[in-house]
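Residue numbers (this note's numbering): 14 to 518. Have a look at the structure below, then the notes.
Next up, the structure:
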């Protein structure tokens, strides 16, 4: 994957850029090969240990387990989907290529749309580097290796938003906000990692978990947990650290939104489970009531915003804040059922958000905007495939039983009603009630979206239905949403040994 990304970057610097087929097929091939490799890793779970910086006790360690395998598979799948999607596939007529020779170097980055355009090789290279960084982070058995992967996704994602985002939006402002938020979060995460490494004398994540915070006093655990939770909370994002997300989603290209929602946000939740829950358990337990309260506030607040939001893409971004609030609530309960619900909800959100952003991105490309104030033709009639996918995605997003999101959300609510013994039961039962209210609000905004988009009216002519790449992506994602909804034990059985090991310490 790295080799293909470097080659694509080289192609992007040529005076005569390649046609769209070379970078598109090259990135797809790299993503498919990586997915096959990830499938092999998920089955065999090989361990790689290479001495890297002996003087600092740093080992280049790749160690898949029950926590990382589902996220590795999710990343591989979403990577294939993201690279398969064309950049603005439905814009007609196709614009003329941008002449970079006539562009002042101090002027804004040129708009990139269509297929045969300069910069398309760089676009696909950025997709691959984002995927590579996420895979490294999820595989890492060493805290510094995790941090390298955590950081590797930053610059290419910034490029995707700033250069290939919606030219009708303030894409440079959105990209800058993403960059600043990520840098602040990463700095805090690095500070927390260095604090634990200094106390334990190692950066090995397995040793950190086995130590269980014994090398740190209670005050140190409280401080380290706070620093890590804020840093990772910016990435998840947790209320009130979420304000950057809707803006970035509304501006990013479709593939960028798919990767951001389904992969990059998972780095935050994964980091909490890997770096905080087993490493500083006393500190995490102390901050859990506040964390749960913020998660539930995010659920209710984001759901209320979804009832009035006028931009469809921003609405889906706000719904992500609500869904991730359930994940945070499950983590905060400190129970096996809560942790299982959080890990399940994490993967379910990745699948459903990817599906919805593919649909909404396709509609935005065809409509020219995602403005819900404009009356449009009923999607169920003019683009039935996209309409069906929208119904499935919104139904899953509302927590409908039999679809993937249901199990994570109901598990989080039930776990909050009966939290761990060291959590304040009264507070958590209140959080459970508020989370249930948020679930009801999700049904309300789902009905709103389907009424305004799926039902629509007949004022506009037909728009193109899903093209081959979109149809394939939607079928694959939709099938997995159904499979996990009907057979949740397929995922719960993978994560159960890890969860039991964490809580047994």
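A virtual CB, placed ideally from N, CA and C, is assigned to each residue, including glycine.
Rounded to whole angstroms, what's the CA-CA distance from residue i to residue j? Just pull it up for me.
i           : j           : result
residue 386 : residue 153 : 46 Å
residue 355 : residue 83  : 13 Å
residue 359 : residue 65  : 32 Å
residue 366 : residue 238 : 29 Å
residue 458 : residue 49  : 38 Å
residue 431 : residue 308 : 17 Å
residue 91  : residue 364 : 8 Å
residue 226 : residue 293 : 5 Å
residue 263 : residue 330 : 8 Å
residue 273 : residue 234 : 30 Å
residue 47  : residue 143 : 13 Å
residue 446 : residue 380 : 39 Å
residue 196 : residue 285 : 17 Å
residue 104 : residue 476 : With a pLDDT of 44 at residue 104, under the threshold of 50, the predicted position of this residue should be treated as unreliable, though the coordinate-derived value follows. Taking the straight line from one Cα to the other gives about 11 Å.
residue 173 : residue 136 : 7 Å
residue 187 : residue 282 : 23 Å
Would you mind reading off the limits of the alpha helix (DSSP H) that contains residue i?
i           : result
residue 312 : 294 to 319
residue 224 : 218 to 224
residue 195 : 184 to 213
residue 282 : 278 to 284
residue 37  : 34 to 57
residue 436 : Note, residue 436: premise wrong, no alpha helix (DSSP H); not H, not E.
residue 257 : 257 to 264
residue 270 : 267 to 272
residue 509 : 502 to 517
residue 465 : Per DSSP, residue 465 belongs to no alpha helix (DSSP H) and is neither H nor E.
Just to confirm the assignment, what range does the beta strand (DSSP E) spanning residue i have?
i          : result
residue 71 : 71 to 75
residue 61 : 61 to 66
With burial defined as no fewer than 16 other Cβ atoms inside 10 Å of the residue's Cβ, what is the status of residue i: buried or exposed?
i           : result
residue 120 : Reliability of the predicted coordinates at residue 120 is poor, the pLDDT of 35 falling under 50, and the value obtained from them is presented with this limitation in mind. Label assigned to residue 120: exposed.
residue 132 : buried
residue 69  : exposed
residue 88  : buried
residue 198 : buried
residue 378 : buried
residue 81  : buried
residue 494 : buried
residue 483 : buried
residue 414 : exposed
Where does residue i fall in DSSP's three states?
i           : result
residue 335 : helix
residue 478 : coil
residue 126 : Low confidence applies here, because residue 126 scores a pLDDT of 40, under 50, leaving its location unreliable; read the following figure in that light. Looking at residue 126 - three-state DSSP - the assignment turns out to be coil, as it is neither helix nor strand.
residue 78  : coil
residue 227 : coil
residue 155 : strand
residue 378 : helix
residue 324 : strand
residue 104 : Here the model assigns residue 104 a pLDDT of 44, short of 50, so the residue's position is not dependable and the matter cannot be decided.
residue 29  : Below a pLDDT of 50, predicted positions are generally treated as unreliable, and residue 29, at 43, falls in that range; no measurement from the model is reported.
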